[in-house]
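Chemist:
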Amino acid sequence: MNNFRQNLPAFDAFAAPDLTVELSLMPACRLDALVCNEGAVVVGAGVRVSFWDNVTQAELECADAPRATESSLSPGACAVVSCVWIDGPTGEVDVRACVDNGGYACDEAGAGGNRECREGNNVDDTTASVGCQPIG
Numbered sequence: 000m001n002n003f004r005q006n007l008p009a010f011d012a013f014a015a016p017d018l019t020v021e022l023s024l025m026p027a028c029r030l031d032a033l034v035c036n037e038g039a040v041v042v043g044a045g046v047r048v049s050f051w052d053n054v055t056q057a058e059l060e061c062a063d064a065p066r067a068t069e070s071s072l073s074p075g076a077c078a079v080v081s082c083v084w085i086d087g088p089t090g091e092v093d094v095r096a097c098v099d100n101g102g103y104a105c106d107e108a109g110a111g112g113n114r115e116c117r118e119g120n121n122v123d124d125t126t127a128s129v130g131c132q133p134i135g
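Residue numbers (numbering that gives the first Met the number 0): 0 to 135.
Right under this line is the structure:
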């Protein structure tokens with residue numbers, strides 16, 4: 000009896016990554032995005048993270064752009080991606096981080112993007128008071 004095709008590997012054929020992001024404002028105009036893989040499949044290195052000003056809906060200029068994860072993320076793993084905001088303001092700021100997708104709404108599929116379980120959890124907004132100093 001030929002049952003070769005019945006010997007399927009032990010994995011879920013519908014498994015996918017699920018990238019999430021949590022944004023924090025740090026001293027000296029640094030924005031930290033905690034990128035986590037809540038899915039069931041490893042995500043390769045180089046997942047892009049973009050940072051946005053919620054008031055102007057313009058992408059922030061980071062001193063060390065473009066920003067992306069430096070290593071792969073196994074299921075349950077997280078990595079911090081930072082942006083040092085060039086010419087950031089002093090006072091109250093309202094900012095957004097977007098992982099894996101593009102555009103202010105974080106709904107544009109980018110080149111090399113991942114097909115995920117849930118695409119709606121790739122964005123995080125935060126408001127805080129900061130005291131940015133010009134770089135340079």
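Where is the CB? At the ideal position from N, CA and C, for every residue including glycine.
Please read these numbers as outputs of a predicted model, since none were measured by experiment.
Rounding to the nearest angstrom, what Cα-Cα distance links V94 and D124 in this structure?
Modeler: Taking the first residue of the sequence shown as position 1, residue 94 is located at position 95. Taking the first residue of the sequence shown as position 1, residue 124 is located at position 125. One C-alpha to the other measures close to 6 angstroms.
Chemist: So, is D99 buried or exposed, given that buried needs 16 or more other C-beta atoms within 10 angstroms?
Modeler: In the sequence shown, residue 99 corresponds to position 100, counting from 1. By the 10 Å Cβ count, D99 comes out buried.
Chemist: Can you tell me where the beta strand (DSSP E) holding S136 begins and where it ends?
Modeler: The structure shown has nothing for residue 136, since the chain only spans 0 to 135.
Chemist: Does the distance from the CB of R91 to the CB of T55 come in under 8 angstroms?
Modeler: Counting from one through the sequence shown, the residue named residue 91 turns up at place 92. Counting from one through the sequence shown, the residue named residue 55 turns up at place 56. The displayed chain sequence assigns Glu, not Arg, to residue 91. Cβ atoms of E91 and T55: not closer than 8 angstroms.
Chemist: Would you tell me roughly how many angstroms separate the C-alpha atoms of S23 and A15, rounded to the nearest one?
Modeler: The residue given as residue 23 occupies position 24 in the sequence shown. The residue given as residue 15 occupies position 16 in the sequence shown. Computed Cα separation, rounded: 26 angstroms.
Chemist: Here's a check: name, in chain order, each residue in its chain whose Cβ is nearer than 7 angstroms to the Cβ of V42, leaving out the five neighbours to either side.
Modeler: On the sequence shown, position 43 is the one that residue 42 refers to. Taken in chain order, the residues that qualify are P16, L18, N36, S71, L72 and N113.
Chemist: Report the option in G38, A27 and N121 whose CA atom is closest to the CA atom of S49.
Modeler: Mapped onto the sequence shown, residue 49 falls at position 50. Checked all of G38, A27 and N121; the closest Cα to S49 is N121.
Chemist: Using the beta-carbon count (16 or more within 10 Å), is E115 buried or exposed?
Modeler: The residue labelled residue 115 in the question sits at position 116 within the sequence shown. Buried, since its Cβ has 16 or more Cβ neighbours within 10 Å.
Chemist: What is the residue span of the beta strand (DSSP E) that R29 lies within?
Modeler: Mapped onto the sequence shown, residue 29 falls at position 30. That run of the beta strand (DSSP E) goes R29 to N36.
Chemist: By the 10 Å Cβ neighbour count, where 16 or more other Cβ atoms means buried, how is A104 classified, buried or exposed?
Modeler: In the sequence shown, the residue the question calls residue 104 occupies position 105. Its Cβ having fewer than 16 others within 10 Å, A104 is exposed.
Chemist: Measure the alpha-carbon distance for T25 versus D31 and round it to whole angstroms.
Modeler: Here residue 25 is taken as the residue at index 26 of the sequence shown, counted from 1. Here residue 31 is taken as the residue at index 32 of the sequence shown, counted from 1. It is worth fixing the name first, because residue 25 is Met in this sequence and not Thr. The alpha-carbon atoms of M25 and D31 are separated by roughly 7 angstroms.
Chemist: Roughly how many whole angstroms lie between the Cα atoms of T68 and V40?
Modeler: Along the sequence shown, one-based indexing puts residue 68 at 69. Along the sequence shown, one-based indexing puts residue 40 at 41. Each residue's Cα considered, the two are about 16 angstroms apart.
Chemist: Using a Cβ-Cβ cutoff of less than 6 angstroms, which residues in the same chain neighbour S81 once the five nearest sequence positions on both sides are dropped?
Modeler: Here residue 81 refers to the residue found at position 82 when the sequence shown is read from its first residue. Hits under 6 angstroms: R29 and D31.
Chemist: A96 and V20: beta carbons closer than 8 angstroms?
Modeler: Taking the sequence shown and counting its residues from 1, the one referred to as residue 96 is at position 97. Taking the sequence shown and counting its residues from 1, the one referred to as residue 20 is at position 21. Going by C-beta atoms, A96 is nearer than 8 angstroms to V20.
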